[in-house]
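Peer 1: My questions all concern the structure below.
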Amino acid sequence: MTHQVRAVVARAKGAPVSLETIIVPDPGPGEALVRIEACGVCHTDLHYREGGINDDFPFLLGHEAAGVVESVGDGVTDIAPGDFVILNWRAVCGQCRACRRGRPQYCFATHNAKQKMTLTDGTELSPALGIGAFAEKTLVAAGQCTKVDPAASAVAVGLLGCGVMAGIGAAINTGNVGRGDSVAVIGCGGVGDAAIAGSRLAGAAKIIAVDIDERKLETAMAIGATHTVNSRQSDPVEAIRELTGGFGADVVIEAVGRPETYKQAFYARDLAGTVVLVGVPTPEMKLELPLLDVFGRGGALKSSWYGDCLPSRDFPMLVDLYLQGRLDLDAFVTETIALDEVEKAFERMHHGDVLRSVVVL
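Numbering (the numbering used here), first residue to last: 1414 to 1774.
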């Protein structure tokens, strides 16, 4: 049996997305069919539309989602029809060298559904991050479904599926922010603000938000920043040092993904401090640093991929914190939109008008 559903498709590089009917098969072994309730509009989806990930068009966009399991294939035991789940793109294999070392958060062979969703003419779709959730239903590997408390709002907790988890994890998992630490976050979009929220959860004493947009700095303060720096108006490295006794921050999280801001992060940290790169660079970008400075400042330079998260561990914990009122995921939702408004949401994202638009189905 197959299912005909509405979905958002990117057919060609740079072309506007279209709302189309697609064909979704019933789940096979190890797969799950999920009815999507909400899906955030993430910058990664725009990267796919612009050909910045690869050129496997047409793409079925959307990946930052929550919904309800409708059916599962043979061999699936961890989830069942009716379960409320957040979708993830780290369905660990359990067999690769990272998993065998007990580090499944670095799994090198994560699972996706084996069957293909298609257009009505049979053209195979490439689902964004192996998910494809700008759709009424999608087919995923069962391991891409993380069961969480159904009392949570799908609009809010679906954001844990990508951007919010990336930011929180960059602070807590990758940066190891601890009680009393000073943290600077460069770039206050969705991921940067999530890093601020994560730093607050971890007990950081000082959280410095850096951006060129006063609107974003205001939002960062509402989410948990203690200080702000407008880097159009002042040198962010000097400002961060001034706010940290002249030393620099213990952890600096770069959430832009540009060489210029990475250098700012590098020089704005304290000796033996940590730099975390969670912003996504483009392939042509190059970084040049004096090797003596890298050696002489000590500490750690880290990259954070998906916030070094383990969905089965981190998603339920963060949902519980949300339900307890300790993690304000609702603050990340600027607007809710319909499935046919994704292209307009991309435009608002491009202009910095939203923290997150969320498609509600």
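Quick reminder that beta carbons are idealized off the backbone N, C-alpha and C, glycines included.
Relative to the C-alpha of Leu1714, which candidate in Gly1738, Leu1500, Ala1678 has its C-alpha closest?
Peer 2: Translated into the one-based positions of the sequence shown, residue 1714 becomes position 301. For Leu1714, the closest of Gly1738, Leu1500, Ala1678 by C-alpha to C-alpha distance is Ala1678.
Peer 1: For the pair the segment 1548-1566 and the segment 1495-1502, tell me if three or more CB-CB distances fall below 8 Å.
Peer 2: yes
Peer 1: Would you tell me roughly how many angstroms separate the C-alpha atoms of Ile1435 and Ser1770, rounded to the nearest one?
Peer 2: Along the sequence shown, one-based indexing puts residue 1435 at 22. Along the sequence shown, one-based indexing puts residue 1770 at 357. C-alpha separation (whole angstroms): 23 Å.
Peer 1: Between Asp1606 and Ile1636, is the Cβ-Cβ spacing less than 9 Å?
Peer 2: As a position in the sequence shown, residue 1606 is number 193, starting the count at 1. As a position in the sequence shown, residue 1636 is number 223, starting the count at 1. Cβ atoms of Asp1606 and Ile1636: closer than 9 Å.
Peer 1: Please state if the CB of Ser1717 and the CB of Pro1689 are separated by a distance shorter than 9 Å.
Peer 2: For this step, residue 1689 is matched to residue 276 along the sequence shown. For this step, residue 1717 is matched to residue 304 along the sequence shown. Before going on, a small fix: residue 1689 reads as Val here, not Pro. A contact, by the Cβ cut-off of 9 Å.
Peer 1: Just the Cα atoms here: how many angstroms apart are Pro1471 and Thr1531?
Peer 2: By one-based count along the sequence shown, residue 1471 stands at place 58. By one-based count along the sequence shown, residue 1531 stands at place 118. So the two alpha carbons sit approximately 9 Å from each other.
Peer 1: Given this structure, state the Cα-to-Cα distance separating Val1504 from Glu1655, to the nearest angstrom.
Peer 2: Working through the sequence shown from its first residue, we reach residue 1504 at position 91. Working through the sequence shown from its first residue, we reach residue 1655 at position 242. Note on identity: in this sequence residue 1504 is Ala, with Val being the wrong assignment. C-alpha separation (whole angstroms): 43 Å.
Peer 1: Reducing DSSP to helix, strand and coil, say where Cys1558 ends up.
Peer 2: Along the sequence shown, one-based indexing puts residue 1558 at 145. Correct three-state label for Cys1558: strand.
Peer 1: Could you check how far apart the C-beta atoms of Ala1554 and Ala1526 are, in whole angstroms? I think they sit under 8 Å.
Peer 2: In the sequence shown, residue 1554 corresponds to position 141, counting from 1. In the sequence shown, residue 1526 corresponds to position 113, counting from 1. With 8 Å as the limit, Ala1554 and Ala1526 qualify as a contact, their Cβ atoms being about 5 Å apart.
Peer 1: Leaving aside the five residues before and after Leu1446 along the sequence, list all residues of the same chain whose C-beta is less than 8 Å from its C-beta, in chain order.
Peer 2: Walking along the sequence shown from the start, residue 1446 turns up at place 33. Excluding positions up to five away in sequence, the list reads His1416, Val1437, Asp1439, Pro1440, Val1482, Glu1483, Ser1484, Val1485, Lys1550, Thr1551, Leu1552.
Peer 1: Run through the segment 1433-1466 for me and flag every whole alpha helix (DSSP H) of 4 or more residues, listed as ranges in chain order.
Peer 2: 1456-1462, all fully within the segment 1433-1466.
Peer 1: Can you check the segment 1503-1573 for any beta strand (DSSP E) of at least 3 residues that lies completely inside it and give the ranges in chain order?
Peer 2: 1550-1554, 1558-1560, all fully within the segment 1503-1573.
Peer 1: Within 10 angstroms of the Cβ of Thr1749, are there 16 or more other Cβ atoms? Answer buried if so, exposed if not.
Peer 2: As a first step, residue 1749 is located in the sequence shown; it is residue number 336 there, counting from the start. It counts as exposed.
Peer 1: Would you tell me roughly how many angstroms separate the C-alpha atoms of Glu1477 and Thr1674, rounded to the nearest one?
Peer 2: In the sequence shown, the residue the question calls residue 1477 occupies position 64. In the sequence shown, the residue the question calls residue 1674 occupies position 261. About 26 Å.
Peer 1: Report the rounded CA-to-CA distance for Met1698 versus Gly1488, giving the unit in angstroms.
Peer 2: Against the sequence shown, residue 1698 aligns to sequence position 285. Against the sequence shown, residue 1488 aligns to sequence position 75. Met1698 and Gly1488: Cα-Cα distance of roughly 44 Å.
Peer 1: Run through DSSP, which three-state label would Asp1683 get?
Peer 2: Translated into the one-based positions of the sequence shown, residue 1683 becomes position 270. In this structure, Asp1683 counts as strand in the three-state DSSP scheme.
Peer 1: Look at the alpha carbon of Thr1457 and the alpha carbon of Cys1512, and state the distance between them as a whole number of angstroms.
Peer 2: One-based indexing of the sequence shown puts residue 1457 at position 44. One-based indexing of the sequence shown puts residue 1512 at position 99. Answer to the nearest angstrom: the Cα atoms are 26 Å apart.
Peer 1: Within this structure, are the beta carbons of Ile1666 and Gly1580 separated by less than 9 Å?
Peer 2: The residue you call residue 1666 lines up with position 253 of the sequence shown. The residue you call residue 1580 lines up with position 167 of the sequence shown. The answer is yes: Cβ separation under 9 Å.
Peer 1: Helix, strand or coil for Arg1419? Go by DSSP, reduced to three states.
Peer 2: To locate residue 1419, count along the sequence shown from 1; it is residue 6. Of the three classes helix, strand and coil, the one that applies to Arg1419 here is strand, per DSSP.
Peer 1: Would you mind reading off the limits of the alpha helix (DSSP H) that contains Gly1582?
Peer 2: Within the sequence shown, numbered from 1, the residue matching residue 1582 stands at position 169. 1576-1582 is the extent of the alpha helix (DSSP H) around Gly1582.
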